[in-house]
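Residue numbers (my numbering), protein chains in the order written: chain A, 7 to 125; chain B, 7 to 125. We put the CB at the ideal spot given by N, CA and C, even for glycine. Note that this is a predicted model, so its numbers are computed, not measured. Let me begin by presenting the structure, written as C-alpha cells, before commenting on it.
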DNA sequence: AGCATCTGCTTGGTATACTTAGCACGCATC
DNA sequence: GATGCGTGCTAAGTATACCAAGCAGATGCT
C-alpha cells in the first residue's frame with residue numbers, strides 16, 4: 007500500500023480537507039452524519055467509495071451543497087447541463103418547477119418524450 | 007411480500023416507466039448500461055436501491071439527466087438551488103430544445119401554461 | 001408439431017459498503 | 001508517576017449491491 011493510489015483518493019482528500027477546515031474531528035463528523043468514525047477515516051484515506059447517501063450526509067454536515075459533493079465524486083458532470091446539450095434540460099426544468107403537480111409533470115414529460123422520439 | 011411496499015418502489019416504477027416509454031427491453035437496457043438485466047428487474051420492482059453510478063448509467067441510457075434521476079432517488083433536493091427561479095425555466099428550456107419543432111414547442115408551452123394557471 | 005429467439009424473473013454466489021469492539025497514541029490533570 | 005479523555009485507526013463481522021447461470025413463458029418461423 008506504499009504510495010498506492012485508489013480511484014477515490016481525491017474524494018477522500020477533499021472530504022478530509024473540508025472537515026479540517028470546519029475544525030471537526032472524525033468522531034464529531036460521525037455523530038453529525040450518523041456514519042461510523044472508522045468508516046469515515048477509511049473513506050478519507052481512499053479505501054472505500056461511499057454511497058451517495060453518505061456523501062449527502064457528509065455534505066450537509068460540512069455545509070457543502072450535495073451537487074458540489076457529487077461533482078467531486080464524479081457522480082455529476084458540472085458541465086453536463088450547460089454544454090449545449092439539450093438532453094435533460096427540459097426534463098430537469100419540468101421536475102424542478104414547484105408549481106406543477108406530480109401528475110402534471112408526468113404528463114408534460116410523456117408528451118415531451120413522445121415528441122423527441124418521433125419528430 | 008404481498009403488496010409490501012419498499013422505500014424504493016417509486017424509483018423503480020419511475021425507471022420502468024421511462025424504459026417502457028423508450029421502448030427498451032430489460033436486456034437492451036442492460037447492454038446499454040452494463041448492468042445485469044436481473045438486477046435491473048429487481049431495481050424496477052423496488053427490491054434494491056441502486057448506487058448513484060448505476061442510476062447515472064441508467065439515466066444516460068434513457069436520456070434523462072443525472073440530476074433528474076438523483077432527484078427521483080431522493081439524492082438531490084430539486085428545490086435546493088433553484089428556489090425562486092422556477093419562473094421561465096421550463097419555457098426557456100422548451101424554447102432552447104433543438105429537437106423540438108416550432109409546433110411541438112407551441113403545444114408544450116400551451117399545455118404547460120394551462121397547468122400553471124389552473125393548478 | 002419442433003425449434004429459435006426474445007422476454008422477465010429466480011436463485012445462489014461474490015464483492016463492497018459500513019459497523020462494532022477495541023487498540024495505541026497524545027494531551028491534560030492530579 | 002497514574003488516570004481520564006480525545007483522537008485516528010485496525011480487524012472481524014454484517015448487510016446490501018450486483019452478478020452469473022438458468023428457468024419459464026411468449027412469439028415467430030419452418
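query = Considering residue 27(B), what are the terminal residues of the alpha helix (DSSP H) in which it resides?
reply = 15-27
ask   = Taking Cβ-Cβ distances shorter than 7 Å, what residues in chain A pair up with residue 64(B)?
value = Those within 7 Å of residue 64(B) in chain A number zero; the least Cβ separation is about 13 Å.
query = Helix, strand or coil: which one does DSSP assign to residue 31(A)?
reply = coil
inquiry  = What would DSSP say about residue 62(A), mapped onto helix, strand or coil?
reply    = helix
message = In this structure, how does DSSP classify residue 92(A) when only helix, strand and coil are distinguished?
response = For residue 92(A), the pLDDT reaches just 49, beneath the cut-off of 50, and the residue's location in the model is therefore unreliable, although a value from the coordinates is still provided. Here residue 92(A) sits in coil by DSSP.
request  = Would you list, in chain order, the members of the stretch 114-125 of chain A that have their beta-carbon closer than 9 Å to a beta-carbon of chain B?
outcome  = 114, 115, 116, 117, 118, 119, 120, 121, 122, 123, 125
query = Looking at residue 65(B) and residue 82(A), is the spacing between their C-beta atoms short of 7 Å?
reply = no
key: Residue-level contact to chain B via CB, residue 67(A), 7 Å cutoff   = no
message = Closer than 8 Å is the cut-off here; do at least three beta carbon pairs connect the stretch 15-26 of chain A with the stretch 43-59 of chain A?
response = yes
query = Is it buried or exposed for residue 109(A), if we count other Cβ within 10 angstroms and need 16 for buried?
reply = exposed
inquiry  = Tell me which residues share the same chain as residue 103(A) and place their Cβ nearer than 8 Å to its Cβ, disregarding the 5 neighbours each side in the sequence.
reply    = 111
Distance CB(residue 79(A))-CB(residue 17(A)) smaller than 7 Å = yes
query = List, in order along the chain, the chain B residues whose C-beta lies closer than 8 Å to that of residue 57(A)?
reply = 57, 58
Chain A contact for residue 110(B) (CB, 7 Å cutoff) = yes
message = Please classify residue 27(A) as buried or exposed, where buried requires at least 16 neighbouring CB atoms within 10 angstroms.
response = exposed
Cutoff 7 Å; reference residue 42(A); Cβ partners in own chain excluding five residues on either side = 36
ask   = Going along chain A in order, which residues have a C-beta closer than 9 Å to the C-beta of residue 21(B)?
value = Correct list: empty, because the minimum Cβ distance to chain A is about 14 Å.
inquiry  = With the cut-off set at 7 Å, would you say residue 122(B) and residue 95(A) are in Cβ contact?
reply    = no
request  = Look up residue 12(A) in the DSSP assignment and say whether it is helix, strand or coil.
outcome  = coil
Candidates 25(A), 101(A), 116(A), 114(A), of which the one nearest residue 50(A) by Cα = 25(A)
Residue 101(A) to residue 107(A) span [Cα, whole Å] = 10 Å
query = residue 119(A): which of 30(B), 46(B), 69(B), 61(B) sits nearest, CA to CA?
reply = 69(B)
query = So residue 72(B) is in the alpha helix (DSSP H); what residue range does that whole segment cover?
reply = 72-78
message = Quick check: the Cα distance between residue 15(B) and residue 48(B), rounded to an integer number of angstroms?
response = 10 Å
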